[in-house]
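The sequence shown runs -19 to -1, 1 to 187 under mature numbering (1 follows the signal peptide of the UniProt record, and there is no 0).
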Amino acid sequence: MKKTLFGALSLTVSAAVFAGQTTPVPDVAPVAKGQQVVINIPQQRLFLYEDGILQKVYPVAVGKAMTQTNLGQHKIGAKAFNPTWHIPLSIQKELNNGVKTIQPGPKNPLGPVFVRLGDPKLGLGIHGTNAPTSVPGVRSHGCVRMKSPDALEFAKRITTGSPATVSYEMATLNEDGAGNLWLAAFKDPYNKKNLKVDTLKKSIAA
C-alpha cells in the first residue's frame, strides 16, 4: 500500500491534531508490562501507557527556558492530596512577599494533588493548578502542571514506582490505520535545535 505523508507545523502551544487522528505520539519505546509515563516537552503533552498501550493523553505546562523540566528517566514517587506548598527559596526570592508556605485550598498553585517526579532532591512533581488557563504551556518553575481534574484522575490512576520519561522531541512521525504517515513539528522552547531531519527522512523512506 502506498503511504501518503501528511505534515503540519504546530505554531501554537497546542499539539497538532489532524482530522481522524489522535495527538501525535513521541518516539519513546513503551514498556511491555505495567504503567509508564512519557512527557514530551515541545509537545506539552503527558502520555500514560499501560502494558505498552496508550491509555490517555493529557495537556501539561512544563518548565520555562530558565527553569527547565529535567529531561531523562525518572520514577513516579509519593502522592500528596491537598498538599501544602512549601515554597522553594528561589521562588520566595522571586515573589519577594515574605510568604513561605501556602495551605491547601483554591489559592494553592499545586492544586488538589502533588505526585513526586524523580529524585526528591530535584523538587519536581506532577501537580494540579489554580491557574487552569496556563495549561498547556511553557510556564512552570520545572514541575509538570496539569489542569486539576486531570491531575486528580492521573494521581488516582498512576502507580508509585512507575517509570517516567521526560523527552524532547521536536517532531513526531506516526502512521494511521490507513497507512498514511503524519508528521508534526513543534516549537523549540529550550532552544535545543535538535530537530533530527536525517532520522525523519530515513523513517519516511523505510
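We treat Cβ as the ideally placed atom computed from N, Cα and C, and that holds for glycine.
Could you give the DSSP three-state label for Lys173: helix, strand or coil?
-> coil
Where Thr65 falls: helix, strand or coil (DSSP) = coil
At least three beta-carbon pairs within less than 8 angstroms, the stretch 39 to 47 to the stretch 66 to 76 = no
Taking the alpha carbon of Glu150 as the point to measure from, which residue in Pro85, Val18, Gln25, Pro11 has its own alpha carbon closest?
-> When only C-alpha atoms are compared, the closest one is Gln25.
In whole angstroms, what is the alpha-carbon distance linking Tyr30 and Gln36?
-> 5 angstroms
Out of curiosity, what's the CA-to-CA distance linking Ala145 and His55?
-> 5 angstroms
Could you spell out the range, first to last residue, of the alpha helix (DSSP H) harbouring Gln24?
-> From DSSP, Gln24 is part of no alpha helix (DSSP H); its letter is neither H nor E.
Give the C-beta separation of Ile139 and Val38 to the nearest angstrom, bearing in mind that I take them to be a contact with Cβ-Cβ under 8 angstroms.
-> Not confirmed; about 14 angstroms, so no contact.
Separation of Val119 from Ala42, as counted between CA atoms = 5 angstroms
Excluding five sequence neighbours on each side, which residues of the same chain lie with their C-beta closer than 7 angstroms to the C-beta of Asn111?
-> Pro87, Lys88, Asn89, Pro90, Gly92
Name the DSSP bridge partner or partners of Ile34?
-> Glu31
Nearest candidate by alpha-carbon position, reference Glu134, set Asn51, Pro11, Thr50, Lys60 | For Glu134, the nearest C-alpha among the options comes from Lys60.
Exposure label - Phe62; buried when at least 16 CB within 10 Å | exposed
Collapsed DSSP secondary structure at Ala132 in the structure displayed | Of the three classes helix, strand and coil, the one that applies to Ala132 here is helix, per DSSP.
Candidates Gln84, Gly53, Val6: closest to Ile34 by CA position = Out of Gln84, Gly53, Val6, Val6 has the C-alpha closest to the C-alpha of Ile34.
What is the DSSP secondary structure of Glu156, counted as helix, strand or coil?
-> Strand at Glu156.
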